[in-house]
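Under this note's numbering, the first residue of the sequence shown is numbered 1, with each subsequent residue one higher.
Heads up, the thing below is written out as structure tokens.
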Amino acid sequence: MPELPEVENTRRYLIEAGLPGRTFTGADVGWAKTVKKPSLEDFVLGLTGGTVQEVTRRGKYLLFKLGHQGSDTGPTLVIHLGMTGGLRIQPAKQPVHSMVRHRFFLDDETELRFQDGRKFGKLWLADNPNDILPPLSPDPFSEEFTLKSFRDHLKGRSAPIKAVLLEQSIVSGMGNLYADESLFLAGISPVRPASKLTVKEATRLKDCMIFAFTSALEQYDRSRSEQWPDPPMGLSSWSIPREKNGLCPNCGGPISIIRVRARGTCFCPKCQR
Ligand SMILES: [Zn+2]
């Protein structure tokens, strides 16, 4: 599932692929239910003729501010990648991958293609994105995400720290993979009750969350330049091995795979306390 670094990587990819300044000339929405607002017809009509002014991100939502006929007062296209979604800009003549559900035609004979195998992606067109975006928790890279806000969330919580990390109220975009990674880097067991973390541990965990996100983004930046025009949209390796029979890179002991709130969780029982 795309987590925050994957969505940010997609945003950077779209900018590097030259999307800002391009104009949508039409759209082929292959799965009508993906369009949440307005109606499918109004969505396509409203998009057509819109020039992308900028591509921004709020949490895991990608925002494409559109301008119509030289003005910048158009609506905003909002995309959520869902469970398995990915975006690509490809020449119109390039064969379309079977998982592409939606195609947005651009004015330079390329297309913005939305691959969405499991159809959990979402599309909106809104004059004001605030009307459709849920209240978002702080972005991990923003100043709102402080040690105090983090510790306030852990206070009085007997739930496993991993489960609490996955609640989107702490930081937006934290998902299963980066939660495991952050806990491993911080040396904290995923099943520890959240409220039992010491100040020192909470500080370390917060730093490791930022570190996990930042190093993923660095890896994505490298892959985009090395593997253009088809860079990977997911990481292939993690500090904590994610496969059965994996060995801890710190102590060489076996990695445990358990379930925390139904989510597959990898950790080292020796190094993570
Ligand atoms: Zn270990």
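Ideal placement from N, C-alpha and C gives every residue a C-beta, glycine not left out.
Does DSSP classify residue i as helix, strand or coil?
i	result
H153	helix
C268	coil
E28	In the sequence under discussion, the amino acid at residue 28 is Asp, which differs from the Glu named in the question. Three-state result, D28: strand.
V96	coil
P193	strand
L147	helix
P91	strand
Among the options, which has the Cα closest to the Cα of residue i?
i	options	result
N9	R259, R242, D221	D221
C271	L87, E181, V52, R157	E181
F64	S71, T51, E16	T51
L166	V260, L217, G21, L133	V260
S158	S195, K206, W228	S195
A186	G175, G173, K200, N176	K200
D72	P20, E144, P231	P20
K37	P91, I132, R88	I132
T110	L177, A27, L154	A27
R88	R57, G18, S137	G18
D42	D127, P160, G264	D127
I161	R192, A92, F141, L136	R192
Q168	S137, P129, S149, K244	S137
G85	P229, L235, V7	V7
I188	D207, L40, V44	D207
F150	Q90, L205, N250	L205
L14	R224, L235, A262	R224
M174	P231, P249, D108, G59	G59
R57	L66, H80, G49, G70	H80
Could you check where the beta strand (DSSP E) with residue i kicks off and where it finishes?
i	result
F184	Taken as a continuous stretch (DSSP letters only), F184 belongs to no beta strand (DSSP E), being part of the alpha helix (DSSP H) at 176-186.
G256	Per the sequence shown, the amino acid found at residue 256 is Ser instead of Gly. It spans 256-260 - the beta strand (DSSP E) in which S256 sits, taken as one unbroken run.
W124	122-126
G67	61-68
F141	No beta strand (DSSP E) holds F141; DSSP gives it neither H nor E.
R113	110-115
E54	50-58
I240	From DSSP, I240 is part of no beta strand (DSSP E); its letter is neither H nor E.
L77	76-80
Less than 8 Å between the C-beta atoms of residue i and residue j, yes or no?
i	j	result
L112	T25	no
P75	G46	yes
V171	M233	no
L147	T214	no
C266	R242	yes
L247	I255	yes
D152	F145	no
H97	F114	no
L217	P5	yes
V78	R11	no
T34	L123	yes
G82	M99	no
Q219	L197	no
W228	L177	no
L40	Q53	no
For the alpha helix (DSSP H) containing residue i, list its first residue and its last residue.
i	result
Q227	199-227
L45	40-47
K37	Taken as a continuous stretch (DSSP letters only), K37 belongs to no alpha helix (DSSP H), being part of the beta strand (DSSP E) at 35-37.
P5	4-16
L277	In this structure the chain extends from 1 to 273, so residue 277 is not present and cannot be described.
**OP:** Anything with a beta carbon under 7 Å from a heavy atom of ligand 1 counts; list them all in chain order.
**Re:** C248, N250, C251, G253, C268, K270, C271
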